[in-house]
Amino acid sequence: FPFFSHVWRHILGKWALWSPGDDWTSYQGFARKIVVDGELLNAGEGVFMMQPLYRYFVGTYHWLFGQSAFAQHMADVWCILGAATLIASLIVKFRLSASLAFIASTIYLIINLIGAFRYHIGRGLVENHAMIFMMLAAWYLYRSRERGGNYRIILATLFGILGYWTRQ
């Protein structure tokens, strides 16, 4: 988290220039149509050619934090850290060893931070947001085994739907 904050600190309070013709540029355009033009139900296009839910997240980030892309970039980092935490928590819930939880979450972080996926962090793509929703769905689905689990099943279903709509 401090590393990425340091890397992207120069874009705080600045307008981002996205490269033309890429997915992340399209999400910015859709988010603008949603927030500025008020196309809440149309979502910027009549028929969804791209993932429908992520543009709402981008629009919300810009609505809350302005035109700077810093919040959108940092949301990817938070999603990766949250998914690593949920992986470790699930392993502990399965009553496996704490060292296995540490190793599994570390492997997930290595895959995202050292492998080729690191180039996707902060690019404005949907994968990290979808991953956190799917991990939350798994977390609540497992927790539904506990007493009073009906609302957890509903939450797991909701997070599964959000994960699917974020990354089809």
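Numbering follows our numbering, in which position 65 of the sequence shown is assigned residue number 67; successive positions increment by one, without gaps.
In this text, a Cβ means the ideal position worked out from N, Cα and C, and glycines have one as well.
Given the structure is predicted, the values throughout are model-derived calculations rather than measurements.
Problem - Expected contact under 8 Å - CB spacing of residue 106 and residue 90 to nearest Å - result: 7 Å
Exercise for the section: Starting from the C-beta of residue 37, find all residues in its chain whose C-beta is less than 7 Å away, skip the five residues before and the five after it, and write them out in chain order. Expected result: 61, 64, 65
Problem - Nearest candidate by alpha-carbon position, reference residue 103, set 87, 127, 114 - result: 87
Exercise for the section: Would you tell me roughly how many angstroms separate the C-alpha atoms of residue 149 and residue 23, rounded to the nearest one? Expected result: 50 Å
Problem - Length of the line joining the Cα atoms of residue 156 and residue 110 - result: 27 Å
Practice task
Starting from the Cα of residue 124, find the closest Cα among 72, 151, 59 and give me that residue.
Solution key: 72
Problem - Delimiting residues of the alpha helix (DSSP H) encompassing residue 121 - result: Premise fails: residue 121 is in no alpha helix (DSSP H) and is neither H nor E.
Problem - Proximity winner among 164, 40, 101, relative to residue 140 (alpha-carbon distances) - result: 164
Problem - Burial state of residue 137 (16 or more Cβ within 10 Å) - result: buried
Problem - Buried or exposed (CB count within 10 angstroms, at least 16 for buried), residue 94 - result: exposed
Problem - Local conformation of residue 38 per DSSP, three classes - result: coil
Problem - Nearest to residue 56 (by Cα), restricted to the options 99, 97, 34 - result: 34
Practice task
From the DSSP output, in three-state form, read off residue 156 for me.
Solution key: helix
Exercise for the section: Using three-state DSSP, classify residue 9 as helix, strand or coil. Expected result: helix
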